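First comes the structure, then the notes that go with it.
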Amino acid sequence: MVSDNRKIQEQLIFKAVKSASDELTATEIVHGIQGQHSLEDDKTWVKSTMSRLESKFDKPTVKHIRMNCQCGQEMDKNLALVQELFESSASLDEFANQEKAKAAGLSAVNGELYLQFPFCPCPILADVEKLDTDTWCQCTTGYSKVLFEKVFGCEVMVELLKSVKMGDDICLMKIIPSASIWK
Numbered sequence: 189m190v191s192d193n194r195k196i197q198e199q200l201i202f203k204a205v206k207s208a209s210d211e212l213t214a215t216e217i218v219h220g221i222q223g224q225h226s227l228e229d230d231k232t233w234v235k236s237t238m239s240r241l242e243s244k245f246d247k248p249t250v251k252h253i254r255m256n257c258q259c260g261q262e263m264d265k266n267l268a269l270v271q272e273l274f275e276s277s278a279s280l281d282e283f284a285n286q287e288k289a290k291a292a293g294l295s296a297v298n299g300e301l302y303l304q305f306p307f308c309p310c311p312i313l314a315d316v317e318k319l320d321t322d323t324w325c326q327c328t329t330g331y332s333k334v335l336f337e338k339v340f341g342c343e344v345m346v347e348l349l350k351s352v353k354m355g356d357d358i359c360l361m362k363i364i365p366s367a368s369i370w371k
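Using our numbering, read the sequence shown as starting at 189 and increasing by one per residue.
Now the structure itself:
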């Protein structure tokens, strides 16, 4: 039986791949050439789907596709929190040094904004011990990009620096706004 998280991911990956190529390619990546991968358990499916994606596209395209696969889990809650933090601060340091910001994993180091988690927040990866590449994790960078662009009102780049599922002690992203946020 396919989990709800898996169904959501299948739909998101299909849509993102189709947008970058075509429906046949999207079907092959999500389900395999003969649909044989539909029977895999979630952890096997995640790895084989990422392998198929990586073999079909170059690294920048793979990253772009995965960034468009974020599930939006708890987006409204996280958006409200980041908006509250933003509205109550006059600088990056003020923004990142609030108790709620620290509790959410935000920090500012040398004028740069970081977001970290001590665990993998992706529910479909619960049974995956280790990933071979950071491809799956790029959905989190896409999620963070959407979140911070909505709050900051400008384009934001997000760089994945560490991943628990890649063997690191934390998941760590650098959040890079394209414009000056605090005047």
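The beta carbon of each residue, even a glycine, is placed where N, CA and C say it ideally should be. Here the structure is a predicted model, which means the values were calculated and not measured.
query, result
"Spatial neighbours of G330 in its chain, beta-carbon cut-off 8 Å, leaving aside the 5 residues before and after", "R254, M255, N256, C257, Q258, V346"
"Span of the beta strand (DSSP E), counted from its first residue to its last, around C359", "359-365"
"Secondary structure of A289, DSSP reduced to three states", "helix"
"For Q222, three-class secondary structure by DSSP", "coil"
"Residue burial classification, Q307 (beta-carbon count within 10 angstroms, cutoff 16)", "What sits at residue 307 in the sequence shown is Phe, not Gln. It counts as exposed."
"N-terminal and C-terminal residue of the alpha helix (DSSP H) that V352 is part of", "Here V352 belongs to no alpha helix (DSSP H), and DSSP marks it neither H nor E."
"Bridge partners - S295, DSSP secondary structure assignment", "Y302"
"E242 beta carbon less than 7 Å from that of K218", "Correcting the residue identity first, residue 218 is Val in this sequence and not Lys. Taking 7 Å as the Cβ cut-off, V218 and E242 do not qualify as a contacting pair."
"Other residues of its chain near T249: CB distance less than 7 Å, five sequence neighbours each side excluded", "A208"
"Candidates V334, I369, C310: closest to E359 by CA position", "Here residue 359 is Cys; the residue named in the question, Glu, does not match the sequence. Nearest of V334, I369, C310 to C359, Cα basis: C310."
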